[in-house]
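In what follows, a structure is listed as structure tokens, so that the remarks can point back to it.
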Ligand code: GLA
């Protein structure tokens, strides 16, 4: 009797397991359970990759919200990454992607690549869609994705995901796509499938960075110059607020529209103007009466930030690190008061650091409304400073602060196994 009961129990458990697997195929992240993890384990155990791709996150020293205004940025890749393992699966069109972080499978057909309701899947599908526009050589593949990039922390896990997948498929199927094309198709994937009208900075940094250097990138022409990231005796420290305010996505596209509105007004007087990159403060002032104070501030922030980037690049080349740090602080003030993309947690961290001479520069980084601040802190004081700021941050916001030291690192790396 007991044995029969036990057998029935196992049967029920088995049925439950397979229905959960089916549900997961319907891409419903909420239904991921213990038994799904078992199927993930099986996938991983049988997986014999032929290719690994290491796709890094990025930092940006200065030049925030300037990229989609055709301005200047100063980013580089970091030593934290997403690792992709790939293999061709000999099917003409079936693709299987397992993300260990999302604890989820995505199975799709190359003949039916459409946007999904599940956010992370759109990064994958978007990239595949863009690749298919320029190449008909894609075939079925299996891919395992493992990330050490915390999402929403302003270090662009999104670009790392897009660029890592694009670079891996390019290599796996010998598609012959150039690095620059990979950058742009990854950006397009984010525009079309994810819906964020991002600039080019993150994808550019993730793919094109070089170890121990930063990239001074002109987002209008893609001309760029590598500058030695010589910050000694200061370390690059990221302080993660561990908040992502829900405004982040919608306000990003709103800022972009606001800037375009200003350009439209300036163009009424100066038809040659194409973006805020072509607008000086003098030109902006000519349209002052046509635009609101808010729009004026948005645009003047961008114009000033472009100047700051060029000055910061010069300061870095001259080894004027204190000047470099001052420009970082000034960038934060602009983002906070004029561009309106900071938040209390970020402002608190930047303000706090102003009391400590060992922190020569600090600012929010990335899209804003949460994520990390980037700080230059004297190497002898990093531990002390983190010990000071962490409990005070915790007391003020009830949130644990994460800190990590990072270095300017190489862009996407590919390893044929
Ligand atoms: C996000 C976008 C970038 C850039 C930054 C802000 O990271 O993906 O293109 O606009 O925000 O500088």
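In the working numbering, the protein residues as written are 1287 to 1703.
Glycine is no exception: its CB is placed at the ideal position from the N, C-alpha and C atoms.
Take the Cβ of residue i as the centre, count every other Cβ of all protein chains shown within 10 Å, and call the residue buried at 16 or more, exposed below.
i            : result
residue 1419 : exposed
residue 1343 : buried
residue 1378 : exposed
residue 1580 : exposed
residue 1477 : exposed
residue 1514 : exposed
residue 1507 : exposed
residue 1367 : buried
residue 1308 : At residue 1308 the pLDDT is 31, less than 50, meaning the model places this residue with poor confidence and gives no usable figure here.
residue 1326 : buried
residue 1605 : exposed
residue 1408 : buried
residue 1509 : exposed
residue 1623 : exposed
residue 1574 : exposed
residue 1655 : buried
residue 1362 : buried
residue 1350 : buried
residue 1536 : exposed
residue 1341 : buried
residue 1328 : exposed
residue 1330 : exposed
residue 1594 : buried
residue 1492 : buried
residue 1638 : buried
Mind reading off the beta-carbon distance from residue i to residue j? Whole number of angstroms is fine, and I expect it under 8 Å.
i            : j            : result
residue 1692 : residue 1410 : Actually they are not in contact, since the Cβ atoms of residue 1692 and residue 1410 sit about 26 Å apart, beyond 8 Å.
residue 1561 : residue 1356 : 4 Å
residue 1671 : residue 1663 : 5 Å
residue 1453 : residue 1430 : The Cβ separation is near 15 Å, so there is no contact.
residue 1474 : residue 1494 : In fact, because the Cβ distance is near 17 Å, the residues do not count as touching under 8 Å.
residue 1625 : residue 1563 : Wrong, their Cβ atoms sit about 16 Å apart, outside the cutoff.
residue 1504 : residue 1358 : 6 Å
residue 1412 : residue 1479 : 3 Å
Note down the Cα distance separating residue i from residue j, rounded to an integer number of angstroms.
i            : j            : result
residue 1688 : residue 1436 : 10 Å
residue 1481 : residue 1627 : 19 Å
residue 1456 : residue 1665 : 40 Å
residue 1565 : residue 1556 : 9 Å
residue 1425 : residue 1442 : 28 Å
residue 1347 : residue 1332 : 42 Å
residue 1661 : residue 1620 : 17 Å
residue 1706 : residue 1490 : Since the first and last residues shown for the chain are 1287 and 1703, residue 1706 lies out of range.
residue 1641 : residue 1668 : 14 Å
residue 1380 : residue 1520 : 49 Å
residue 1609 : residue 1483 : 32 Å
residue 1600 : residue 1496 : 19 Å
residue 1423 : residue 1461 : 7 Å
residue 1703 : residue 1550 : 52 Å
residue 1502 : residue 1592 : 11 Å
residue 1697 : residue 1415 : 23 Å
residue 1587 : residue 1597 : 15 Å
residue 1558 : residue 1434 : 45 Å
residue 1701 : residue 1374 : 15 Å
residue 1417 : residue 1448 : 11 Å
residue 1438 : residue 1530 : 6 Å
residue 1635 : residue 1444 : 24 Å
residue 1552 : residue 1618 : 26 Å
residue 1577 : residue 1334 : 59 Å
residue 1321 : residue 1432 : Because residue 1321 carries a pLDDT of 45, less than 50, the predicted location of this residue cannot be relied on, and no value is offered for it.
residue 1336 : residue 1440 : 31 Å
For residue i, which of the options has the nearest alpha-carbon?
i            : options                   : result
residue 1545 : 1671, 1353, 1701 and 1596 : 1353
residue 1524 : 1376, 1632 and 1567       : 1632
residue 1630 : 1685, 1571, 1588 and 1385 : 1685
residue 1405 : 1618, 1392 and 1572       : 1392
residue 1450 : 1371, 1614 and 1376       : 1371
residue 1603 : 1512, 1466 and 1644       : 1512
residue 1390 : 1323, 1543, 1618 and 1542 : 1323
residue 1647 : 1625, 1373 and 1611       : 1611
residue 1540 : 1394, 1657 and 1653       : 1653
residue 1522 : 1618, 1340 and 1500       : 1500
residue 1394 : 1364, 1615, 1428 and 1475 : 1428
residue 1607 : 1516, 1571 and 1636       : 1516
residue 1567 : 1589, 1552 and 1548       : 1589
residue 1369 : 1542, 1338 and 1645       : 1338
residue 1526 : 1459, 1504, 1675 and 1492 : 1675
residue 1471 : 1538, 1402 and 1485       : 1485
residue 1518 : 1570, 1645, 1682 and 1582 : 1645
residue 1396 : 1538, 1554 and 1383       : 1383
residue 1421 : 1463, 1683, 1403 and 1336 : 1463
>> So if I measure from each beta-carbon to every heavy atom of the ligand GLA and keep distances below 5 Å, which residues remain?
In response: 1350, 1351, 1353, 1484, 1485, 1487, 1488, 1652 and 1653
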